[in-house]
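Engineer: Okay, here's the structure, questions in a sec.
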Ligand SMILES: *Cc1c(COP(=O)(O)O)cnc(C)c1O
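Numbering (this note's numbering), first residue to last: 340 to 559.
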């Protein structure tokens, strides 16, 4: 399945440099990633550690890899040396482990906190209260992480009004907590929007979208 170059160029144009495009390449072969890379694209998102590791070693070193799937604490060590942004942090425990692995690798690892905005129970993430507690927790000493924003996924529904309201909710939370600043905390990235709803997300203030199937075709 080749990359849809027209879709890529169209999306880039629509985003108009107001939002970063993360091309979500899970379940897609390295050839497809290379094809998009050859068009100048550098930000790719993966959901599974093993799959990411296999791809990372076969592809150019200047790719910015985003981790967007559910991440188990015991797997952070495998990606800590190179990961560009972990978008799916959903517990203080995970945050601490990322910090530990950052320290071991002598780097600061940027992360987004995932916020649960959808109605489905299956989606991971903090609710607003947990997010607040985490940001107010004793995290100042975690100097090998940088919390640079929030990520969220809207409900899987055709109801655009609902999707819009969920993105609005996340934007509100983002604005509220962006005022908190510390040496390792400054919320600037708001990652919301996928193939089916990125236009709505952009309208509601997203500055990072994660798009897979529109670029690479439907996944099996
Ligand atoms: C798979 C995935 C995407 C991309 O989904 P598409 O509908 O293919 O654009 C975006 N974000 C996350 C967290 C994902 O797991």
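Don't be surprised by glycine CBs; every beta carbon is placed ideally from N, CA and C. None of the values given here were measured: they were computed from a predicted structure.
Need the endpoints of the alpha helix (DSSP H) that residue 383 sits in, please.
Structural biologist: Run containing residue 383: none in the alpha helix (DSSP H); it sits in the beta strand (DSSP E), 382-385.
Engineer: Let's see if you can read the secondary structure: which residues bound the alpha helix (DSSP H) around residue 447?
Structural biologist: Neither: residue 447 is in no alpha helix (DSSP H) and is coded neither H nor E.
Engineer: For the beta strand (DSSP E) containing residue 362, name the first residue and the last one.
Structural biologist: Taken as a continuous stretch (DSSP letters only), the beta strand (DSSP E) holding residue 362 covers 359-363.
Engineer: Around the Cβ of residue 349, are there at least 16 other Cβ atoms within 10 angstroms (buried) or fewer (exposed)?
Structural biologist: So residue 349 ends up on the exposed side.
Engineer: Taking the C-alpha atoms as reference points, what is the distance between residue 452 and residue 343?
Structural biologist: Each residue's alpha carbon lies about 30 Å from the other.
Engineer: Can you have a look at residue 522 and say buried or exposed, based on whether 16 or more other CB atoms are within 10 angstroms of its CB?
Structural biologist: Answer is exposed; the Cβ neighbour count stays below 16.
Engineer: By Cβ distance, which residues of its chain are closer than 8 Å to residue 435, with the 5 residues on each side in sequence left out?
Structural biologist: If we look at residue 435 and ignore the five residues flanking it on each side, its Cβ neighbours are 481.
Engineer: What are the boundary residues of the alpha helix (DSSP H) that includes residue 539?
Structural biologist: Counting along the chain, the alpha helix (DSSP H) containing residue 539 begins and ends at 537-542.
Engineer: Is it the case that the CB of residue 549 approaches a heavy atom of ligand 1 more closely than 7 Å?
Structural biologist: Yes, Cβ of residue 549 sits closer than 7 Å to a heavy atom of ligand 1.
Engineer: Restricting to Cα atoms, I'd like to know which of 460, 524 and 496 is closest to residue 533.
Structural biologist: Among 460, 524 and 496, the Cα nearest to that of residue 533 belongs to 496.
Engineer: Can you look up residue 463 in the DSSP assignment and give me helix, strand or coil?
Structural biologist: Residue 463: coil per DSSP, three-state reduction.
Engineer: Taking 7 Å as the cut-off, does the CB of residue 533 come closer than this to any heavy atom belonging to ligand 1?
Structural biologist: At least one heavy atom of ligand 1 is nearer than 7 Å to the Cβ of residue 533, so yes.
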